[in-house]
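Q:
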Amino acid sequence: MGGIYIPAVHLPHGAEVFRTLNYRRSQYRKILKALSERALLGCSARDAIVLPAAPDPGYLDFLLERGLGTREIIVCRGEGGNFAEDVLNDWPALERIRQLAPSEARFYVHLEEEEALAREVGLPGTTTNPALTRLFNALYFLIRLEEDLELDAIPRVQARSSRLDGVLEGMLERHQKLFVRGNESCGGSQAFVLRDKGDVLAMSKKVARNRFITRYFASKFIEGAEGWNFQFILDGDGGSAFYGASRQVLGDGYVHEGNEGGGGVPDGGMELSEKLAGRISEMGGKGFFGADVVMDGEKAYPAELNMRENTSTPVLAAQKKLDAPFFKTVKISAPRGLTFKTVVEMVGEENLLDPGGKSGFLPFNLSASGLTGSLDVAIFGGSRDEVQSRLERLNRAR
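In this text, residue positions in the sequence shown follow numbering that gives the first Met the number 0: the first is 0, and each later residue adds one.
1) Which residues bound the alpha helix (DSSP H) around Met170?
2) Between which two residues does the beta strand (DSSP E) containing Gln26 stretch?
3) Could you tell me which residues DSSP puts in a beta bridge with Asn228?
4) How many angstroms separate the CA atom of Met156 from the CA atom of Ala137?
5) What three-state label does DSSP hand Asn350 in the structure shown?
6) Does the beta-carbon of Asp375 have 16 or more other beta-carbons within 10 angstroms, so that it is buried, or is it exposed?
7) Three-state secondary structure (DSSP) at Asp375?
8) By Cβ distance below 6 Å, which residues in the same chain neighbour Ser239 in space, the five residues on each side in sequence not counted?
9) Compare the C-alpha of Gln175 against each of Val192, Leu116, Asn258 and name the closest.
10) Closest by CA to Gly2, which one among Asn309, Ile48, Leu40?
11) Specify, as a first and last residue, the run of the alpha helix (DSSP H) that Glu94 falls within.
12) Specify, as a first and last residue, the run of the alpha helix (DSSP H) that Arg437 falls within.
13) If I measure Cβ to Cβ from Met269 and keep anything under 7 Å in the same chain, skipping five residues before and after, which residues do I get?
14) Identify whether Lys176 lies in helix, strand or coil by the three-state DSSP scheme.
15) Of the residues Tyr27, Asp60, Leu67, Ile72, which one's Cα is nearest the Cα of Tyr4?
16) Check each candidate in Phe61, Asp85, Met345, Lys285 and name the one with the smallest Cα separation from Lys32.
17) Ser358 and Gly380 - do their beta-carbons sit closer together than 8 Å?
18) Within a Cβ cutoff of 7 Å, which residues of the same chain sit near Glu68, ignoring the five residues on either side of it in sequence?
19) Out of Lys219, Tyr215, Gly355, which has the shortest C-alpha to C-alpha gap to Ser160?
20) Assuming Lys319 and Gly243 form a contact by the criterion Cβ under 8 Å, report the distance between their Cβ atoms to the nearest whole angstrom.
21) Just reading off the alpha helix (DSSP H) that Ser388 is part of, what are its end residues?
22) Per DSSP, what are the beta-bridge partners of Ser184 in this structure?
23) Quick one: is Lys196 buried, meaning 16 or more other Cβ sit within 10 Å of its Cβ, or exposed?
24) Whose C-alpha, out of Leu116, Arg246, Ala117, is nearest the C-alpha of Thr328?
25) I'd like to check one pair, Thr125 with Ala104: are the Cβ atoms closer than 8 Å?
26) Going by the DSSP bridge assignment, what does Lys196 pair with across the sheet?
27) Comparing alpha-carbon positions, which option in Leu87, Ser25, Gly66, Ala52 lies nearest Ala44?
28) As a quick exercise: from Gly283, Asp151, Ile221, pick the residue whose alpha carbon is nearest that of Gly267.
29) For the 8 Å Cβ check, are there 3 or more pairs between the region 158-172 and the region 309-325?
30) Could you give the first and the last residue of the continuous beta strand (DSSP E) run that contains Glu303?
31) Out of curiosity, what's the CA-to-CA distance linking Ile221 and Leu122?
32) Taking only the alpha-carbon atoms, compute the straight-line gap between Gly372 and Ile331 and give it to the nearest angstrom.
33) Taking its Cβ as the centre, do 16 or more other Cβ atoms sit within 10 Å of Arg210, making it buried, or is it exposed?
34) Beta strand (DSSP E) containing Val329: first to last residue?
35) Can you tell me whether DSSP reads Ser43 as helix, strand or coil?
36) For Glu259, which beta-bridge partners are listed by DSSP?
In structure tokens form, the structure reads like this:
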């Protein structure tokens, strides 16, 4: 038996974090639970995984034929506030996990529910203290870390969510464009690019009712800068192992649209993220950690700390298993009731990831697509040019 994956996607103050995405509260909860399915990309045949629903049989066969996923799936349904709560309240599922005697437990994030789950399955002490998880994920903490480690940082101005207008409009008199981020965020949900008073007003309307995410930090928008994400696995005792990196693809309003990886990574970003990972591990951080870094030429600036799995973690896991040189993730429109058979018809079977595993399309988040209206696709290739060529082929097919 390998490890047990209990990939409950949830965050502190999640209702506020995702409010800007315009989902109803009940809808975003369903979406987050459905996103658990993407952890199949990180599983191997020796692992087990707990999911809120069984995956599409054709999709699971597709993954297994390419060395991804597992047939050891424990389905756990519930009405809890998040999927981790559902698993905690499912005694037959917990007993099944205990019988499997997993060697390790993999979680999306380490909060109170994950701490309890680790104890229940016989792996106590393997998660980050929940209070530390909350601390590490806050922008306040990153600012303190910048001072402690004497890091170069982009100057920020702080403003309350209920009193943004004066501060931000004053900054726009000095700068053509601003980048504003909340003290907590995920996937750009609390990040905004502002160009004029209209943008300030629109942002203010979205965040004025916040009860928990009440502090925002504004800085001059750096044109031409790149956003990178560096991921590590921490041991909680100062050690960190580099897991992978990707460049973030951002759309209008700084919304995260995908990632591209392969080839080299910027030296400055690697050096900076290693420092951050080492310090977080020294302070007790365990498991997955991601550092978002802004690269302005060769200069690297810290942007965000993620004491959890990151959006690109499942695709990086697949890339490592497949030994695929390059990838890019994109979203395509998905109809309700999407099945894997429909996906094959949409993109063409010949374009799917080949059994050798190094080139082609790898769809994921199939279960969530019916709720979000979009399907995620990782495009793998032997070179950036091949990935781009396959992307153009995908655009023609949809």
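The C-beta atom is built at its ideal place from N, Cα and C for all residues, glycine as well.
A: Short version:
1) Run containing Met170: 163-171, per the alpha helix (DSSP H) assignment.
2) Run containing Gln26: none in the beta strand (DSSP E); it sits in the alpha helix (DSSP H), 24-33.
3) According to DSSP, which records beta bridges pairwise, Asn228 is partnered with Ser245, Asp291.
4) Per the sequence presented here, residue 156 reads as Val, with Met not at that position. Cα atoms of Val156 and Ala137: separation of roughly 16 Å, rounded to the nearest angstrom.
5) Here Asn350 sits in helix by DSSP.
6) Buried is the call here.
7) DSSP places Asp375 in the strand class (E or B) of the three-state scheme.
8) Counting only residues of its own chain and dropping the five nearest sequence neighbours on each side, Ser239 has a CB closer than 6 Å to the CB of Phe231, Leu233, Ala276, Gly277, Ser280.
9) Minimum Cα-Cα distance from Gln175 among the listed residues Val192, Leu116, Asn258 corresponds to Val192.
10) For the residues Asn309, Ile48, Leu40, the minimum Cα distance to Gly2 belongs to Ile48.
11) Taken as a continuous stretch (DSSP letters only), the alpha helix (DSSP H) holding Glu94 covers 90-99.
12) Here the chain has residues from 0 to 397 only, and residue 437 is not among them.
13) Contacts found: Phe229.
14) Reduced to three states, the DSSP call for Lys176 is coil.
15) Checking every option, the nearest Cα to that of Tyr4 belongs to Ile72.
16) With respect to the C-alpha of Lys32, the residue from Phe61, Asp85, Met345, Lys285 having the closest C-alpha is Asp85.
17) Between Gly380 and Ser358, the CB-CB gap stays under 8 Å.
18) Strictly speaking, residue 68 in this sequence is Gly, with Glu absent from that position. Counting only Cβ-Cβ distances below 7 Å, and skipping sequence neighbours, we find Leu39, Cys42, Leu59, Leu62.
19) The residue with the shortest Cα to Cα distance from Ser160 is Tyr215.
20) Their Cβ separation, rounded to whole angstroms, is 7 Å, which keeps Lys319 and Gly243 in contact under 8 Å.
21) 383-396 is the extent of the alpha helix (DSSP H) around Ser388.
22) In the DSSP assignment, Ser184 forms no beta bridge with any residue.
23) Flag for Lys196 reads exposed.
24) Measuring from the Cα of Thr328, the nearest candidate turns out to be Arg246.
25) The criterion of a C-beta distance shorter than 8 Å is satisfied by Ala104 and Thr125.
26) Answer is none; Lys196 lacks a bridge partner.
27) The shortest Cα separation from Ala44 among Leu87, Ser25, Gly66, Ala52 belongs to Gly66.
28) The shortest C-alpha to C-alpha distance from Gly267 to any of Gly283, Asp151, Ile221 is the one to Asp151.
29) No: the two stretches stay apart, fewer than three of their Cβ pairs being nearer than 8 Å.
30) Secondary structure note for Glu303: its beta strand (DSSP E) is the uninterrupted segment 298-305.
31) Going by the C-alpha atoms only, they are around 45 Å apart.
32) A straight line joining the alpha-carbon of Gly372 with that of Ile331 spans about 8 Å.
33) Of the other Cβ atoms in all chains shown, fewer than 16 fall within 10 Å of the Cβ of Arg210; this residue is therefore exposed.
34) The continuous beta strand (DSSP E) containing Val329 extends over residues 325-332.
35) DSSP places Ser43 in coil when its eight states are reduced to three.
36) The partner list for Glu259 (beta bridge, DSSP) reads Arg246, Lys327.
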